[in-house]
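Below is one structure, written out as structure tokens, with a few remarks after it.
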Amino acid sequence: MKVLLPFIKLFKHQWLMMLTGLVLSITTLMAGIGLLSLSGWFLSATAVAGLSAATAMMFNYFTPAGGVRFLSIVRTASRYGERLATHEATFKLLTQLRCWAWAKLLPLSASNMQGVRQGDLLNRLVADIDTLDHLYLRLVTPMAASFLMLVVLYFFVAWIDADLALILCGSLLLVWLLLPGVFYFLGRNPGIEILESKRAYRVQVLEFVHGLAEISLFGAQDRFRANLAESETKLLDSQRAMANVTALSQGGLILCHGLVVVLMLYMAASGVGEHLPPGPMLAMVVFMTLACIEMLMPVAGAFQHLSACVSAAERVNDLVEQEPGITFNTQSDCRVTRGELVLENVSFSYEQATVEQAETDTANVIHGVSLSIQPGQKVALLGQTGCGKSSLLSLITREWQANSGRILLDGIETDQFTLAALTDGITLVSQRIYLFSGTLRDNLALAQPMVERLPTRAERKAAKAANDELLIAVLQRVGLHELLKGEAALDTWIGEGGRQLSGGEQRRIGVARALLRDAPVLLLDEPTEGLDKRTEREILQVLFEFAKDKSVLMISHRLTAMEQMDVIHLMEEGKLRVSGSHKTLLAQDEYYGSLNHQLS
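Using this note's numbering, the letters of the sequence shown map in sequence onto residues 1101 to 1700.
Below, the structure written as structure tokens:
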């Protein structure tokens, strides 16, 4: 249960709304029990009063009738308010929980995420966190409300008859203590199986959708669909098992409650307090016992969700409690100003090497790479897929940490920079452009300081207007004229992952982001991948014009625009095999010459 403590601590931020929900929940229970109790007494007392004309004339019908109406209104209003308060608190807790999880996740490096499948990561951040809403909505609130209601019920019944109060509340307390434990034990395995089955099914669906092209190409659709059908069957089986436990818990609760009703009927038949014979008071006590099922109903099912909550908490904690594989200096005031980049004998491997591998250097994907880029210099890194080009870029940006060697920016090792200073000093255009579900403006604004941080509303409004003009100019510069039609062009919704855009338009938005940043170092990782030759030349021309005073390191496997490079390095199996200018390599290197022949 300790795994739930970090999540329970978050409750303190919503204590007022949670307390409001609890008070309204208790009010609802009190009104419901009072309504049925008063109704039982009223019906019985009316029947007794009607036995003779004298008692009928003397009986006060109006006060109990008014009480019934009042309690009905209170119950309806408090139930509605309770639903609003508890769900509002739940949604705010989920929001806070997601922000907390993301804040824990952001400092983690790629090494921390190594081995975690994308579908599993998505499941933990969405489904597992959603599961934790049971903590407040179906566990804490119902249990606390029913227990406090038991206390209130005891004092009320004890005011009439102390013995009956002890029997009634003692019996209900026994049910309150025993049933949750029994059905937690019965629902433990099905709850965990549902969570695991959902996780496995989501992971397989995500992998099937993302890899549909490759799966179709290699004729593996039937196998993947069979695996999906098997996972779906397991999920349905686990849900069926949980439904059986739920039905059993409800049946057990009704049985126990029925026994308590029979017990109270027997005990109250001999008299209720000073009322002998009990008459209408007997009906009131029995109806009160009948009404108590409302406060016990959530109790039986509450602990069925506990096992799923614990399992979800363990999975989220496994992710967020990791120590970051790469840490940044938080006290340094170093800044990247000139753009000098130097790599000195850098080696790197993705997996922990054995002693023998370390001695022979066979585990490394990068082997003792050294290169230098002077301020304003343009350098290209060419090689076949898998030779280590992108890995080298990930070391420069500190997505990964080199096993040995040094990487320096302006003569300072990269681990001496703060995260903000490093990201301010480097602009990266990667192979994959990440677009978010939002407007065109939202996706471009990621590359800029937040306008909302300006102190006054007038400054924010003026900055936003000027910023829109800048965004439009940048989009025109990268050739996205088609997206700028209409007055509200920047408010165009581009969809999840930019699905409303073509691949070329997505690539151009990635370049537009780079143009919005004024960093001294520009890293280009296959910036024109998937584009035709004409578009490729246009994009590179825009980038080189923008970066004429910046240090550029471009990764590619083609020779487009290589004549504009100051130095070109050819990389093979994690090593720099040969270096030189475009003209020199054409004359001296056979592989480089074959690339040029393919380009022409």
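Glycine included, each C-beta is placed from N, C-alpha and C at the ideal position.
Pick helix, strand or coil for residue i, following the three-state DSSP scheme.
i, result
"Leu1616", "coil"
"His1467", "strand"
"Ile1108", "helix"
"Phe1170", "helix"
"Leu1278", "helix"
"Gly1604", "helix"
"Lys1478", "strand"
"Leu1119", "helix"
"Val1103", "helix"
"Trp1593", "strand"
"Ser1472", "strand"
"Asn1445", "strand"
"Asp1666", "coil"
"Ala1453", "Caution applies to Ala1453, whose pLDDT of 45 falls short of 50 and renders its modelled position unreliable; the value that the coordinates give is listed next. Here Ala1453 sits in coil by DSSP."
"Ser1504", "strand"
"Glu1626", "coil"
"Thr1485", "coil"
"Val1621", "strand"
"Glu1440", "coil"
"Glu1499", "coil"
"Ala1578", "Sequence inspection shows Val at residue 1578; the Ala mentioned does not correspond to that position. DSSP places Val1578 in coil when its eight states are reduced to three."
"Leu1396", "helix"
"Glu1421", "coil"
"Leu1272", "helix"
"Thr1527", "strand"
"Leu1306", "helix"
"Ile1512", "strand"
"Thr1176", "helix"
"Leu1129", "helix"
"Thr1195", "helix"
"Thr1186", "helix"
"Thr1430", "coil"
"Thr1518", "coil"
"Arg1553", "Low local confidence applies: a pLDDT of 46 at Arg1553 is under 50, so the model's placement there is unreliable, and no value is given."
Looking only at C-alpha atoms, which of the options sits nearest to residue i?
i, options, result
"Phe1256", "Ser1137, Arg1224, Leu1237 and Leu1306", "Ser1137"
"Leu1493", "Thr1660, Val1652 and Gly1150", "Val1652"
"Leu1441", "Leu1546, Leu1522, Thr1518 and Gly1483", "Leu1522"
"Ala1647", "Val1216, Val1621 and Asp1433", "Val1621"
"Leu1110", "Arg1323, Arg1198 and Glu1663", "Arg1198"
"Ala1203", "Gln1422, Asp1649, Arg1532 and Leu1624", "Gln1422"
"Val1385", "Leu1580, Tyr1254 and Tyr1692", "Tyr1254"
"Ser1125", "Trp1115, Arg1179, Glu1513 and Leu1535", "Arg1179"
"Arg1658", "Lys1650, Leu1676, Pro1290 and Asp1632", "Asp1632"
"Leu1419", "Leu1640, Ile1229 and Val1446", "Ile1229"
"Gly1680", "Gly1674, Ser1694 and Glu1663", "Glu1663"
"Val1282", "Ala1400, Val1226 and Leu1676", "Ala1400"
"Leu1286", "Thr1127, Ser1338 and Phe1644", "Ser1338"
"Asn1327", "Glu1605, Arg1302, Asp1625 and Leu1640", "Arg1302"
"Val1479", "Leu1221, Asn1344, Leu1623 and Phe1428", "Leu1623"
"Gln1043", "Lys1102, Met1158, Lys1675 and Leu1143", "In the structure as shown, the chain starts at 1101 and stops at 1700, and residue 1043 therefore has no counterpart that could be examined."
"Thr1734", "Arg1438, Leu1266, Arg1498 and Ala1619", "Outside the modelled stretch of the chain, which goes from 1101 to 1700, sits residue 1734, for which no answer is possible."
"Ala1131", "Leu1583, Glu1394, Gly1603 and Arg1637", "Glu1394"
"Thr1186", "Asn1223, Ile1133 and Ala1245", "Ala1245"
"Leu1643", "Ser1144, Gln1516, Ser1656 and Pro1627", "Pro1627"
Give the C-beta separation of residue i and residue j to the nearest angstrom, bearing in mind that I take them to be a contact with Cβ-Cβ under 8 Å.
i, j, result
"Cys1487", "Glu1672", "6 Å"
"Ala1502", "Leu1495", "5 Å"
"Arg1617", "Thr1527", "5 Å"
"Pro1424", "Asn1567", "Contact flag wrong, Cβ pair sits at about 33 Å."
"Ala1407", "Tyr1236", "In the sequence on display, residue 1407 carries Ser and not Ala. Rounded, the Cβ-Cβ distance is 17 Å, inconsistent with contact."
"Leu1151", "Thr1241", "Actually they are not in contact, since the Cβ atoms of Leu1151 and Thr1241 sit about 46 Å apart, beyond 8 Å."
"Ile1426", "Ser1209", "4 Å"
"Leu1519", "Thr1592", "Wrong, their Cβ atoms sit about 32 Å apart, outside the cutoff."
Examine the ligand MN and report whether any of its heavy atoms sits within less than 6 Å of the Cβ of residue i.
i, result
"Thr1155", "You won't find the ligand MN in this model; it holds no ligand whatsoever."
ask   = If you scan the region 1670-1698 from start to end, which runs of the alpha helix (DSSP H) of 4 or more residues do you find wholly inside it?
value = 1682-1688
Alpha helix (DSSP H) runs wholly inside the region 1329-1393, at least 4 long, in chain order = As summarised for the region 1329-1393, the continuous alpha helix (DSSP H) elements at least 4 residues long and confined to that stretch are 1380-1391, given in chain order.
query = What residue ranges within the region 1632-1662 form continuous alpha helix (DSSP H) runs of no fewer than 4 residues, ordered along the chain?
reply = 1633-1646
request  = Indicate whether the contact test is met: 3 or more Cβ pairs, each with one atom in the region 1366-1374 and one in the region 1329-1336, closer than 8 Å.
outcome  = Three or more Cβ pairs closer than 8 Å define a contact, and the region 1366-1374 falls short of that threshold against the region 1329-1336.
query = Contact between the region 1217-1228 and the region 1152-1170: three or more CB pairs below 8 Å?
reply = no
inquiry  = For the region 1272-1286 against the region 1300-1310, do three or more pairs of beta-carbon atoms, one drawn from each stretch, fall closer than 8 Å, so that the two count as touching?
reply    = At 8 Å Cβ cutoff, the stretches do not touch.
task = Starting from the N-terminal side, write out each stretch of the alpha helix (DSSP H) that is 4 residues or longer and does not extend beyond the region 1201-1270.
result = Runs found: 1210-1213, 1218-1223 and 1241-1260.
ask   = Quick check: the region 1167-1186 against the region 1405-1415, are there 3 or more CB pairs under 8 Å?
value = no
request  = Evaluate contact between the region 1509-1520 and the region 1601-1612, counting only Cβ atoms and requiring at least three cross-stretch pairs below 8 Å.
outcome  = no
ask   = Does the region 1245-1254 come within contact of the region 1265-1275, defined as at least 3 CB pairs closer than 8 Å?
value = Yes, they touch.
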